[in-house]
Amino acid sequence: MYVNTTRMNELQGFTRSVVLGNLPSYVTDAFATIPSAMTDVSPFIKISDDSIVFLHIFFSGLLIFYRTLLPFTLVALFLYPIAMYLFIKEKSTKRILLATLGSVILCQIFLTVLVVYKEDYGRLFASIQPLLFVFIIGTLQELFIHKRRA
11 MYVNTTRMNE LQGFTRSVVL GNLPSYVTDA FATIPSAMTD VSPFIKISDD
61 SIVFLHIFFS GLLIFYRTLL PFTLVALFLY PIAMYLFIKE KSTKRILLAT
111 LGSVILCQIF LTVLVVYKED YGRLFASIQP LLFVFIIGTL QELFIHKRRA
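The letter at position 149 of the sequence shown is residue 159 when you use my numbering, and the numbering goes up by one with no holes.
Below is the structure:
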């Protein structure tokens, strides 16, 4: 493949024809992988066994904590429509930021599952996971403050 680069030039057309020919099943399968993609830990995270015992225990504990928190990020998929509803109902700086943040996060998730190979999900979602937690906590605060005022 690397010796004969003309084969690589043909790959784009082949890929496009396969994806467009199977677009409904491709999109359905891509969206079905969203829960597993959001809770996936990058396979590149490795903790060395030859490190200092304290550091090994510390980073192993952090990895366990990280894996435990990841399923909580799925709540963002259900909170996004609520955040948009709150934004439309009453505009405030916080709600504008939450609606924008939620939109950016969902676009990142959708584009990643549609375009990227499955093994890269954990690595690419690592950059938005802190934003997911900010979005979740902020939306829950707005939801409960909104209910308390009503």
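Using N, Cα and C, we set each Cβ at its ideal position, and we do this for glycine too.
As the structure is a computational prediction, the values presented were derived from the model and not from experiment.
Measuring alpha carbon to alpha carbon, tell me which residue in LEU150, SER70, VAL28 and LEU116 is nearest PRO45. LEU116
Give a yes or no on whether the C-beta atoms belonging to LEU121 and VAL144 are separated by under 8 Å. no
Could you give the distance in angstroms between the alpha-carbon of THR16 and the alpha-carbon of GLN22? 11 Å
Compute the beta-carbon to beta-carbon distance between LEU124 and ALA40, rounded to the nearest angstrom, for a pair I have assumed lies under 8 Å. 5 Å
Report the three-state DSSP secondary structure of ASP50 (helix, strand or coil). coil
Could you check where the alpha helix (DSSP H) with GLU20 kicks off and where it finishes? 15-31
Can you tell which of TYR90, GLY132 and ASN32 has its C-alpha closest to the C-alpha of THR149? TYR90
Mapping the DSSP letters down to three states, classify LEU127 as helix, strand or coil. The question names Leu, yet the displayed sequence has Tyr at residue 127. The answer is coil: DSSP assigns TYR127 none of H, G, I, E or B.
Apart from the five residues just before and just after PHE97, which ones in its own chain have a Cβ nearer than 8 Å to its Cβ? ARG105, ILE106, LEU108 and ALA109
Spatial neighbours of PRO81 in its chain, beta-carbon cut-off 6 Å, leaving aside the 5 residues before and after: THR49
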